[in-house]
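Note sheet for the following structure.
Next up, the structure:
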């Protein structure tokens, strides 16, 4: 999980916690029936809205996307430049030895296609198709999170309405009014907290992660096509650098690929 | 109806039910005049918004879409591969015998066109036209559900306003205040519940179902065109597999079509 | 007016009426100053937003669109098929005798152009221009209705604020509180009712009507072009049937045009 | 200012005024500090959002657009037809004498270009560029008005929050509660009134005015191009009439240009 | 920082301040725990939504964009006209001497490319790529500000819910009710103020600044391309003036470039 998410969640709940213990008993804010209606209602609505496989798939997608380790762009370009130098000197088959050192399955698959001598159009179509399905899965995850972020406050409000009606029909003892209303408001609190501190920001992070991952994969495709065409390392670097802003591009100039390639 | 919808509706209403009986008498929440204004107002607004045929058509569309049994993509591709093998060996007319075993009317119609020797462009146009009207009907159903989801809370609020005014004009007996307000809030509760647990998520499901059904039909069109062109089973499979992500594509490699075809 | 609109308005106001008399005196809900501020404010805002001619034009547009009698698609195609048969046998001039039996001015104008021997491109341009201005007028009417639907609740709220301030500044007699708040809430009730039971759904109906009327006119243009090109009745039917879903298309197969044409 | 805006503003404030004096003392609704926070906050936010030149430019743009006298389309076409007749008989230079009778600077500029013998493409580009910048200024004015319409209710609510907190911290004398809350609500009233009776509808009018003025200018461009090409008056009329719906087009048939031209 | 932003922020907070001290003790409105939950919650949600580098990058982007000194368009065109004259007389290399007087890094880079004799297509691609990344950074900054503007009121409401529950569970002493509710409302006040007086308008200003800066850079690209093509100063001016409305264009006619160029 990226560090910002961890800090955000930890810091956010600390603020809420401090805010609560400053004015009231924390026990008042832990109310299981209120959780049931807010979280249960939200999950029910999500199940009705989406298919079971989409719903069950959300956890792995979210986990994978949040924990996906974004590689350095410069390292990626450097690697591809090296692969292209190897491919030019020793032929595409020589890349096969490199595959065992790579961890990203998409990169492995891309290079394997070059090794297999697939033609350029086929590589491009296959990989962009792959990227397309990845994006669609990300979009699906994001939509489910957004729906949960819209649904949680609604069920919070429904819970509060139930609590208010319950309180209003038992007004005999005025001492109960305060406690009754307090309990009624807890569900609205739960709904607002879940939506604003978890679902809405996490949906946003999913979108940003998806964009980064897509960019990374498009750079790989660009590089692999250069390699499969037998382009010079400099040409491959230039292809990939169009995805990078000029400022960051300068820093990539020092090429240590030639040495590294001999080692390989 | 897909299992997620059933679980969601059952689980959702259980949460509401448990939540109610935990704090109040369930009888308080069953209030026929409140139902009349919320549901009646919503239905009236829907009738004014849409045409009578659209309104009456919503029930069958929703039912059909929710209960539509999504066939397995792999089975569909397998079947089409078999049909293409049959067509190549024994001629397109031989497909006619297969039609009796098929349940999907769209697939029957598609294959019948091949049997009838219609030219490829005509088949494509007719079937995409068909898909277009299907999507339009789905869209219509979705829009009506969404309008109901927006209308129900509004009439809930209108009901609450009526209840509040009624209560405020009869303040003589302070004991009535609580009960009056409780009754007034019931319509808001009904409106929020109908919108958030039924109409909004069901409209979402309709959209997802529509997308799946459209995809399925587009795969059929792609396959049928391959068959009508007399393509090899492998070519037909590849045409249809562009609709499937690479991961799921691997699993489809084992082709048992040749044996099956002889049986057929 | 289409039957759904009549049923919806009648049923909707009945629900409101029953709901009111069930709990309070109906007289409480008839409050002329509250009507003044809600309706008057809404009309004022609409006048400021739109031009006077647009504002005055809304009534006839709405009336015309709601009362426009949607002809049967099948009858329309049947008629056009007959006209094409007549035109092929007896020449385009023979269509002139048919014009007196037609009620739709758009259809009359379209056929008159064929009779006048206008060239096909001119007919197409003129008629699509006509359709374009019709759609624009519909869109204008829809926008005004939607603006009213957004404005009415706002002025309802403004009225309630005025009522609350009035009540709060005369708290001396606590007996007035209830009555004062009840009156204050009436404007919100008016605004919500006008928006949700009239303006928003009527704007929706205008949109649906506009779509139907546009489709009908596009079918006429398609048919008239076929006639002006001297196409066979079957070709004209096929042109027009692309606007109809396949299911409804079958029913149109029986052509009684040849007999009918001889009669004509 | 167009008559609808004047009627709307006058009628709207009358409704509010009558509504107020019916229930309360008008003095209660005139509260300078409340105006300060609602209007001052809104202006501050607008200054932060837009640049100073945009903010200062809003008044003249709004004034110009609202007071712009929409000329009659038929008169415009008639004039252009006359100019084209003059140009054809006596040459483009003869148009120069007409310029002194024209009030619209855009029309003067357009004809001057013809007189100067500019080529058609240059005229078209210059004038469409001009129209583009006009639209952009209109759009800017509209956006500022819309932002004010969104900002005013927010600062109304902020004022109410300040008032409520002030009232709640001085509850010692219960007699103050009513007056305190009444004052607190005044800012919400101001914000809602400014937004719904002024800024939102005026932004709408700006949009409609912009559309009309653009249409008028596009008609002028179309006509001027016809003149510069030396087209016949009828051709110029037909060019310009494509902007007019067929119904209004008939009325333009009587051409009195020939006589008028001789007079000129 | 542009003057409008400074005036707006100063004037806005003055209005709030005057409004507060008019009715209550200013100390009531300075409540640290309320700030913690509103600001802390908002920052937490922003961290969860965006990546750490985006979050940390917001401050410099906002600062740079707000403080970016918008150069005069007329001066920019004048300068470019001069550069083009120099380039035509003394060759592109002569521009190098001018670079030391320029402060805008983008302009320096653009001219350097001309000096370096890069071909026109390369210059265009590089510079538009640069502009694209600038816009993307601006967009990112704007999105973060907008998210904060949406998040602050939500955490304000969450804080108010916590405060209300705390108050309602300690109703024993009725004297606390007013103070408790006052404190509870402070967080809503903070959230509304931050959103409406800071984040939402500042996001708007970022957008307007971004548009201006982009326009300026596109004008530079246009001018530089003209210079690199060896176009005459008048042609360069005309290229750049297509970005300026005709009214402002007249004022640019007096060209003092020839004298200035000799000086250079």
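Residue numbers (our numbering), protein chains in the order written: chain F, 758 to 1021; chain U, 758 to 1021; chain E, 758 to 1021; chain S, 758 to 1021; chain Z, 758 to 1021.
For glycine and all other residues, C-beta sits at the position ideal for the given N, C-alpha and C.
Closest to residue i by C-alpha separation, out of the options, would be which residue?
i              : options                        : result
residue 867/Z  : 857/Z, 858/Z, 854/Z and 883/Z  : 883/Z
residue 770/E  : 986/E, 974/E, 947/E and 1002/E : 947/E
residue 765/U  : 958/U, 996/U, 968/U and 1001/U : 958/U
residue 843/U  : 940/U, 993/U, 904/U and 999/U  : 993/U
residue 975/S  : 815/S, 908/S and 886/S         : 886/S
residue 890/E  : 998/S, 760/S and 881/S         : 998/S
residue 935/U  : 878/F, 901/F, 923/F and 982/F  : 923/F
residue 888/F  : 906/F, 978/F and 781/F         : 978/F
residue 785/E  : 990/E, 808/E, 940/E and 858/E  : 940/E
residue 962/S  : 836/E, 966/E and 812/E         : 812/E
residue 793/E  : 795/S, 779/S and 800/S         : 779/S
residue 985/U  : 869/U, 902/U, 995/U and 921/U  : 869/U
residue 1002/U : 830/U, 816/U and 823/U         : 830/U
residue 879/Z  : 879/F, 761/F and 995/F         : 995/F
residue 906/E  : 960/E, 871/E, 892/E and 856/E  : 960/E
residue 982/E  : 929/E, 808/E and 837/E         : 837/E
residue 876/F  : 892/F, 899/F and 849/F         : 849/F
residue 901/U  : 855/U, 819/U and 1000/U        : 819/U
residue 968/E  : 817/E, 796/E, 895/E and 809/E  : 895/E
residue 791/U  : 791/E, 799/E and 772/E         : 772/E
residue 816/S  : 971/S, 797/S, 956/S and 881/S  : 956/S
Would you mind sorting residue i into buried or exposed? The rule is 16 or more other CB atoms within 10 Å of its CB.
i              : result
residue 806/S  : buried
residue 853/Z  : exposed
residue 788/S  : buried
residue 804/Z  : buried
residue 759/Z  : buried
residue 1020/U : Model confidence at residue 1020/U stands at a pLDDT of 43, short of 50, so the residue's coordinates are unreliable and nothing is read from them.
residue 921/S  : buried
residue 980/U  : buried
residue 899/U  : buried
residue 824/S  : exposed
residue 908/F  : buried
Could you have a look at residue i and say whether DSSP puts it in helix, strand or coil?
i              : result
residue 790/U  : helix
residue 983/Z  : helix
residue 908/E  : helix
residue 951/S  : helix
residue 827/U  : coil
residue 931/U  : coil
residue 798/F  : helix
residue 879/Z  : helix
residue 785/Z  : helix
residue 1000/U : coil
residue 1023/F : Not covered by the structure: residue 1023/F. The range shown for chain F is 758 to 1021.
residue 874/S  : coil
Since residue i and residue j are thought to touch, with beta carbons under 8 Å apart, how far apart are those beta carbons, to the nearest angstrom?
i             : j             : result
residue 828/E : residue 973/E : 7 Å
residue 910/Z : residue 949/Z : 6 Å
residue 943/U : residue 953/E : Their Cβ separation, rounded to whole angstroms, is 18 Å, which puts residue 943/U and residue 953/E out of contact at 8 Å.
residue 808/F : residue 761/U : 6 Å
Under 7 Å from any heavy atom of the ligand GDP, does the C-beta of residue i make it?
i             : result
residue 931/S : Although the ligand GDP was asked about, the structure shown includes no ligands whatsoever.
Does any CB atom of chain C fall closer than 8 Å to the CB of residue i?
i             : result
residue 759/U : You won't find chain C in this structure, because its protein chains are F, U, E, S and Z.
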